[in-house]
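Residue numbers (the working numbering), protein chains in the order written: chain R, 6 to 212; chain U, 6 to 212; chain W, 6 to 212. The beta-carbon is built from N, C-alpha and C at its ideal position, and this holds for glycine as well. All values reported here derive from a predicted model rather than from experimental measurement. Take a look at the structure below.
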Amino acid sequence: MSVLSVLDYLSVFIFALTGALVASRAQLDLVGFVFIASLTAVGGGTVRDVLLDRDMVFWVANPWYLATASVAAVLVFFTAHLLESRRRAIDWLDAGALAVAVPAGVGVAVTLGHGPVVVLIMGMVTGAFGGLMRDVVCNEVPLVLRQGELYLSAAFAGALVAILTRAVLGPTPWALIACAAVTFLLRAGSMAFGWRLPVYKSRPPRS
Amino acid sequence: MSVLSVLDYLSVFIFALTGALVASRAQLDLVGFVFIASLTAVGGGTVRDVLLDRDMVFWVANPWYLATASVAAVLVFFTAHLLESRRRAIDWLDAGALAVAVPAGVGVAVTLGHGPVVVLIMGMVTGAFGGLMRDVVCNEVPLVLRQGELYLSAAFAGALVAILTRAVLGPTPWALIACAAVTFLLRAGSMAFGWRLPVYKSRPPRS
Amino acid sequence: MSVLSVLDYLSVFIFALTGALVASRAQLDLVGFVFIASLTAVGGGTVRDVLLDRDMVFWVANPWYLATASVAAVLVFFTAHLLESRRRAIDWLDAGALAVAVPAGVGVAVTLGHGPVVVLIMGMVTGAFGGLMRDVVCNEVPLVLRQGELYLSAAFAGALVAILTRAVLGPTPWALIACAAVTFLLRAGSMAFGWRLPVYKSRPPRS
Numbered sequence: 006m007s008v009l010s011v012l013d014y015l016s017v018f019i020f021a022l023t024g025a026l027v028a029s030r031a032q033l034d035l036v037g038f039v040f041i042a043s044l045t046a047v048g049g050g051t052v053r054d055v056l057l058d059r060d061m062v063f064w065v066a067n068p069w070y071l072a073t074a075s076v077a078a079v080l081v082f083f084t085a086h087l088l089e090s091r092r093r094a095i096d097w098l099d100a101g102a103l104a105v106a107v108p109a110g111v112g113v114a115v116t117l118g119h120g121p122v123v124v125l126i127m128g129m130v131t132g133a134f135g136g137l138m139r140d141v142v143c144n145e146v147p148l149v150l151r152q153g154e155l156y157l158s159a160a161f162a163g164a165l166v167a168i169l170t171r172a173v174l175g176p177t178p179w180a181l182i183a184c185a186a187v188t189f190l191l192r193a194g195s196m197a198f199g200w201r202l203p204v205y206k207s208r209p210p211r212s
Numbered sequence: 006m007s008v009l010s011v012l013d014y015l016s017v018f019i020f021a022l023t024g025a026l027v028a029s030r031a032q033l034d035l036v037g038f039v040f041i042a043s044l045t046a047v048g049g050g051t052v053r054d055v056l057l058d059r060d061m062v063f064w065v066a067n068p069w070y071l072a073t074a075s076v077a078a079v080l081v082f083f084t085a086h087l088l089e090s091r092r093r094a095i096d097w098l099d100a101g102a103l104a105v106a107v108p109a110g111v112g113v114a115v116t117l118g119h120g121p122v123v124v125l126i127m128g129m130v131t132g133a134f135g136g137l138m139r140d141v142v143c144n145e146v147p148l149v150l151r152q153g154e155l156y157l158s159a160a161f162a163g164a165l166v167a168i169l170t171r172a173v174l175g176p177t178p179w180a181l182i183a184c185a186a187v188t189f190l191l192r193a194g195s196m197a198f199g200w201r202l203p204v205y206k207s208r209p210p211r212s
Numbered sequence: 006m007s008v009l010s011v012l013d014y015l016s017v018f019i020f021a022l023t024g025a026l027v028a029s030r031a032q033l034d035l036v037g038f039v040f041i042a043s044l045t046a047v048g049g050g051t052v053r054d055v056l057l058d059r060d061m062v063f064w065v066a067n068p069w070y071l072a073t074a075s076v077a078a079v080l081v082f083f084t085a086h087l088l089e090s091r092r093r094a095i096d097w098l099d100a101g102a103l104a105v106a107v108p109a110g111v112g113v114a115v116t117l118g119h120g121p122v123v124v125l126i127m128g129m130v131t132g133a134f135g136g137l138m139r140d141v142v143c144n145e146v147p148l149v150l151r152q153g154e155l156y157l158s159a160a161f162a163g164a165l166v167a168i169l170t171r172a173v174l175g176p177t178p179w180a181l182i183a184c185a186a187v188t189f190l191l192r193a194g195s196m197a198f199g200w201r202l203p204v205y206k207s208r209p210p211r212s
């Protein structure tokens, strides 16, 4: 099993957990849990595959991804009530999923021979669009755009580190590992310690 | 004209009626009616065709589908005021459209030679995504996710019945007919008699 | 540089300005600005390219489009506070972007040899879907559907004029220029002078 497959399965599983937790907040039934979990889990990779016109969308080629997402959904359906704060669990699981989905997206784009700009975008798209679909469909404020937190910027930095690592060291699994680490650290640091970039603030016009 | 074409045209027409009714609640003009009606009518099949990478999206290959949706939109524009309850009309028409769209999606996936998991998903995607886009774009609570009703579960059961029928009887139009019947009965029963699956409820932690 | 490329770059740049202005209302950071600006700028053309199954989505084939959108995002990040009314700026820039995106969509569909219905739809899709994604993701009321204003109808009329011009004069750049002019005039007239089509109004049933 390749590094890329491991990343794909991991991001599917963890994103599915977050999707199912959001489904629990909307009080859906088990089929609804599986639906939202799958949408979240494969949404980003699906957009990536459609944009890159891959021969087959990854989960159409290999249905085990959906089985993985369904297992996560069932798990959450029967255990979510044990959690103290679902909101906090969603945030941290989402951070973990982001940190594996970004290198998964980067890896696919590199494998298909794309240049750095497309690689960068595909890392961000794979990381962000699953959660974005989850939140838009379930009418939650998109986590991706939560004001003042590092999310897209964490994904951006992670993908950039992967590209730079490859540029310096050549093809190496360390590029994807560094990408995951940087993405997670920035996202986690933003949640735990309030790290942030300056946000736009409307200022009064200078006199 | 094949069974699949009939299902496709029917689901396009009925989904377009629901889209136009939602447009009437948003007080759009005639072009807005046609737009939302078309989005609803071909949305699910479009996502299916893009995911399965068909040679051509069905309504690009054959523009009569869009003509059908436009006729439905015009019809609703001039007659919606005769309805006593648009909400109720939307719910029941949507149930009818779902019941023809699910077998249409199943049929396409089977024709392209996909395995049972992908067939199941394509039935649900074709049935659910048109209505989902309609509701997300028009900012309505998605009917697909309405709490405690059978919707995705009805689509799931219908698609499953089609797969089992084919597994037992071999290729037969009865698979699609059974799929439509099961989907409609479950959805209608849920609306009329309150049939439902247990939904997730947060319970107090056991002591 | 072809007329089509000029239209594409122009629509990307202007739509990106509107996306960044919406991002400023949501108080995002610079990466968020670039993300929303890019989504708005390439959203419509991406849907068009995926629906028409072009060899490559236009911005994957040529990353300068994303660079253009990023420049627009940075520009807005540092200057938006100088505007008196961001809402008004968004409306007028969006009208300009619509007026170049519709002919861009029409031009691509004509080049690929599609018939009039598909050409018409692709004009509207290219014009409308970028702004639609921007507003759905940022939870704004979709400008595309703003009640009682010409938007989709302006795009429709513009695309229709392009098709008729081509039918009469044969291949000519004037088709795209007329398309842009008609789209902009109708949209601008609707905003400035309240031009509109009759909208649906529920009337009391006749006695």
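* Asked: Is D34/R helix, strand or coil by DSSP?
  -> strand
* Three-state class that DSSP yields for W200/W in the structure shown -> coil
* Got a sec? Which residues, its chain only, sit under 7 Å from R53/W by beta carbon, not counting five neighbours each side? -> G110, V113, M127, V130 and T131
* Which residues in the same chain have their Cβ closer than 7 Å to the Cβ of R201/R, if we skip the five residues on either side of it in sequence? -> G153, E154, L155 and S195
* Going straight from the alpha carbon of G118/U to that of G49/R, what length do you get? -> 25 Å
* Of all the options A162/U, F63/U, M138/U and A180/U, which has the alpha carbon lying nearest to the alpha carbon of D13/U? -> F63/U
* Asked: Mind checking if F161/R is an interface residue toward chain W, Cβ cutoff 7 Å exclusive?
  -> yes
* To do: In angstroms with no decimal places, state the Cα-to-Cα distance between S10/U and R59/U.
  => 16 Å
* Return helix, strand or coil for V65/W, following the three-state DSSP convention. => helix
* **Close-in-space but distant-in-sequence residues of the same chain around P178/W (CB under 7 Å, 5 per side omitted)** => V8
* So, is G175/R buried or exposed, given that buried needs 16 or more other C-beta atoms within 10 angstroms? -> exposed
* Say whether chain R places a C-beta atom closer than 7 Å to the C-beta of P68/W. => yes
* Asked: Of all the residues that make up the stretch 108–134 of chain U, which are near chain W by a beta-carbon distance shorter than 9 Å?
  -> none
* For I182/R, which of V142/R, F134/R, V149/R and P108/R has the nearest alpha-carbon? -> P108/R
* Asked: Do the stretch 15–26 of chain W and the stretch 87–105 of chain W touch if we need at least three Cβ pairs shorter than 8 Å?
  -> yes
* **CB contact below 7 Å: L202/W versus chain U** => yes
* To do: Look at the alpha carbon of R139/W and the alpha carbon of T45/W, and state the distance between them as a whole number of angstroms.
  => 5 Å
* Asked: Mind checking A197/R: buried by the 16 CB within 10 Å criterion, or exposed?
  -> exposed
* If you drop the 5 nearest sequence neighbours on each side, which residues of the same chain put their C-beta closer than 7 Å to that of I95/W? -> T23, L26 and V27
* Asked: So, V124/W versus L15/W, is the Cβ gap smaller than 7 Å?
  -> no
* Asked: Is it true that the CB of C184/U sits closer than 7 Å to the CB of A159/U?
  -> no
* Within 8 Å of chain U by C-beta, residues of the stretch 179–196 of chain R in sequence order -> none
* By DSSP, does D140/R sit in helix, in strand, or in coil? -> helix
* **Chain-ordered chain R contacts of S158/U [CB-CB under 7 Å]** => D34 and V36
* For the stretch 83–90 of chain W and the stretch 81–91 of chain U, state whether three or more C-beta atom pairs, one from each stretch, are separated by less than 8 Å. => no
* To do: Counting only runs of 4+ residues fully inside the stretch 87–152 of chain U, write out the alpha helix (DSSP H) ranges in chain order.
  => 91–116 and 121–142
* Asked: Would you say V36/W and L157/R are within 7 Å of each other, going by their C-beta atoms?
  -> yes
* To do: State yes or no: is the beta carbon of V55/U nearer than 7 Å to at least one beta carbon in chain R?
  => yes
* To do: Using three-state DSSP, classify S7/W as helix, strand or coil.
  => coil
* **Minimum Cβ-Cβ distance from V65/R to chain U less than 7 Å** => yes
* To do: Measure from the C-beta of F40/R to each C-beta in chain U and report whether the shortest distance is under 7 Å.
  => yes
* Going along chain R, which residues have a C-beta under 9 Å from D99/U? -> Going along chain R, no residue has its Cβ under 9 Å from D99/U, so there is no contact; the nearest lies around 17 Å.
* Asked: When the Cα of F40/U is compared with those of G120/U, A72/U, M61/U and F189/U, which residue comes out closest?
  -> A72/U
* Asked: Listing by chain order, which chain R residues have their CB less than 9 Å from the CB of P147/U?
  -> V142, C143 and N144
* Could you check what DSSP says for L155/W in three-state terms: helix, strand or coil? => coil
* Would you please verify whether the beta carbon of S90/U is less than 7 Å from any beta carbon of chain W? => no
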